[in-house]
Amino acid sequence: MTRCRALNGIPRPALAEYYTQRSTPGGSLITEGTLVSDTAAGFPHVPGIYNDQQVEAWKKIVDAVHAKGSIIFCQLWHVGRASHSLYQPGGAAPISSTSKPLSNRWRILMPDGSYGIYPKPRALQISEIPEVVQHYRTAALNAIRAGFDGIEIHGAHGYLIDQFLKDGINDRRDEYGGSLANRCKFLMQIVGSVAEAVGADRIAVRISPAIDHLDATDSNPLNLGLAVIERLNELQLKLGSKLAYLHVTQPRYHAYGQTESGRHGSEDEEAHLMRTLKRSYEGTFMCSGGFTRELGMQAVAEGDADLVSYGRLFISNPDLVFRLRINAPLNRYIRKTFYTQDPVVGYTDYPFLVVQSRL
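FYI, the numbering for the sequence shown is 1 to 359, going by full-length UniProt numbering.
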C-alpha cells in the first residue's frame, strides 16, 4: 500500500525499518506501488525503481528483509490518469487510455498535503505504447538487480493498466479499445515483455475486475476477469512456466470505503465471481480485500484461494503473522497517517505484542 515516505522517488532508511518490522521467516511481502517511470506518480513521495539511485536504495531494504527470512516482491505501478501535472515531467498532462478525466467526486492528494481535482489526461498514441511497455520491462529488470524475489504488475484499482482493461474508461477505437481482446492487449504486452526479461515464475499480476475505484467500471466484470485469465493461461502454456501467482482484489474491498457508488453486489455474487476466477486460473491464486483472520482461513480451507494478502491490517500490526497465528487482538490503524511523510508516526511506531514471536 502507498505510504508516501520516499524522498524524490528514492526509498529512505525508514522504509527498511518498515519492511523489516513486517518480515517473518517464510513470509512473503509485496511492496507498496513502485513507479516504473517519471510519468507514473499520482501521490507525493512515492518510491520508484527506474534509476540507479532507486535501485541502490532498494537493495538495502531487500537485503534487510532477506536477512529476516522473508521473500519480497516489488509491485510495479503506473497511475495513468490518476495523476496531476504537478507530478509530471514538464507539467505535462497525465497519460491514459483515454482523454476523459476522473469525475469530480474523486480528489488527488497534492504535494503540499491539500486535495485537488484530477485534470484531463492525454490518451496515449499507439506509437507511444511500446515505450510504456519498455518502462515496465526495465523496472522489472531493475527490481531483480536490486535483489527482489519477483515483481507484481499492478493492473488493478483504476490505474493505468486498468484504464485499458475497463470499458467504463477505455473509449479507444483502435487496436487497444473496444473488444475484450483489444482491451487486454496492453496488459498482455507488458506481461509478455517482462516474462521474457526476468522469467515467468518471477512475475505476478494483480487485477480487480469488479472494483470501481477511480471510476474504473466495467459492464461485465466476470467476463473481463475470465478474459484476462484465459490469456494468462495461454501465455503460461506457451512459455512452459507458471506465473508466480495471480492476485485478484475481492469486491469486499468496498468495506474500507474506497468506493462510493454501491455497484458491488451481494456477498453471494462476490463469492461466485471469485470462485469462478479461481477455478479458471491455472496457477496459484491470491486474493485480497477486507479479509479478517477468519475470512482468510475460510477462503483457503474452502479452496477459494491459495494465498490471502493483507494490507491495512499489516500497516498497524508489524507482527501481523504472529498475531494471526495465536489469534491475538489487533492494533487499529490510523487512516489520517497513511499518506503523511513522517518516517516514524503512523509508520514504524505501531506496537508489537509484548510476547514476541519465536518464528
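The C-beta atom is built at its ideal place from N, Cα and C for all residues, glycine as well. Here the structure is a predicted model, which means the values were calculated and not measured.
Reference residue i, options the options, closest by Cα
i, options, result
"Pro44", "Phe338, Tyr350 and Leu353", "Phe338"
"Trp106", "His84, His154, Ser97 and Arg137", "His84"
"Glu56", "Ser99, Ser70, Gly80 and Pro11", "Pro11"
"Ser266", "Gln250, Arg279, Met110 and Leu277", "Gln250"
"Ser219", "Ser179, Pro318 and Ala139", "Ser179"
"Lys60", "Phe314, Phe352 and Ala146", "Ala146"
"Arg172", "Leu214, Lys100, Leu109 and Leu353", "Lys100"
"Phe285", "His272, Ala93 and Gly303", "Gly303"
"Leu214", "Glu32, Gly42, Val62 and Phe148", "Gly42"
"Leu124", "Gln134, Cys287, Pro94 and Met110", "Pro94"
"Leu239", "Asp268, Ala216, Gly199 and Gln134", "Gly199"
"Thr39", "Thr31, Gly48 and Glu32", "Gly48"
"Val132", "Ser37, Trp58 and Ile334", "Ser37"
"Ile161", "Gly80, Lys278 and Leu353", "Gly80"
"Gly283", "Arg231, Glu270 and Phe291", "Arg231"
"Asn327", "Asp149, Gly9, Thr292 and Leu29", "Thr292"
"Leu86", "Gly33, Pro111 and Leu222", "Pro111"
"Gln88", "Arg122, Pro343, Asp52 and Ser114", "Arg122"
"Gly225", "His272, Gly91 and Gly192", "His272"
"His78", "Ser114, His66, Asp52 and Gly33", "Gly33"
"Gln341", "Glu128, Arg325 and Gly113", "Gly113"
"residue 360", "Arg325, Ile315 and Pro329", "With the chain covering only 1 through 359, there is no way to say anything about residue 360."
"Pro25", "Asp52, Pro343, Ala14 and Lys68", "Lys68"
"His66", "Asn104, Ser23 and Pro343", "Ser23"
Cβ-Cβ distance between residue i and residue j below 8 Å
i, j, result
"Gly27", "Val321", "yes"
"Glu175", "Lys185", "yes"
"Tyr281", "Ile203", "no"
"Ile144", "Val194", "no"
"Gly16", "Ala64", "Looking at the sequence shown, residue 16 is not Gly but Ala. For Ala16 and Ala64, yes; Cβs fall inside 8 Å."
"Ile169", "Ser97", "yes"
"Thr2", "Val62", "no"
"Gln21", "Pro318", "yes"
"Arg323", "Leu353", "yes"
"Ala82", "Leu109", "no"
"Tyr350", "Asn331", "yes"
"Lys278", "Thr217", "no"
"Tyr19", "His135", "no"
"Phe164", "Ile72", "no"
"Gly158", "Val205", "no"
"Ser70", "Leu29", "yes"
"Leu222", "Thr276", "yes"
"Val201", "Ser241", "A small fix is needed here, since residue 201 is Asp in this sequence, not Val. Cβ distance < 8 Å, so Asp201 and Ser241 count as in contact."
"Gln54", "Gly9", "yes"
"Arg183", "Gly192", "no"
"Ala92", "Pro343", "no"
Counterpart residues of residue i in DSSP-defined beta bridges
i, result
"Arg107", "Ile117"
"Ala204", "Glu152 and Tyr245"
"Met286", "His247 and Leu307"
"Ile72", "Leu29"
"Trp77", "Leu35"
"Leu7", "Ile10"
"Gly48", "Leu35"
"Ser96", "Ala123"
Proximity test, residue i beta-carbon vs the ligand SAM heavy atom, cut-off 7 Å
i, result
"Gly240", "Looking at this structure, you won't find the ligand SAM or any other ligand, since it has none at all."
Completely contained alpha helix (DSSP H) runs for the stretch 120 to 151, where each covers 4 or more residues: 129 to 145
Taking 8 Å as the threshold, find out whether the stretch 187 to 196 comes into contact with the stretch 229 to 248 through three or more Cβ pairs. yes
Looking at C-beta atoms only, is the number of pairs between the stretch 308 to 315 and the stretch 278 to 297 that lie closer than 8 Å three or more? yes
Segments of 3+ residues assigned as beta strand (DSSP E) that fall wholly inside the stretch 296 to 353: Within the stretch 296 to 353, complete beta strand (DSSP E) segments of at least 3 residues are not found at all.
Using 8 Å as the cut-off, can you tell me whether the stretch 239 to 248 makes contact with the stretch 203 to 214, which would need three or more C-beta pairs spanning the two stretches below that distance? yes
Does the stretch 134 to 143 come close enough to the stretch 113 to 124 to have 3 or more Cβ pairs within less than 8 Å? No contact exists between the stretch 134 to 143 and the stretch 113 to 124.
Could you tell me which whole beta strand (DSSP E) segments of length 3 or greater appear in the stretch 180 to 243? Whole beta strand (DSSP E) segments, 3+ residues: 203 to 207.
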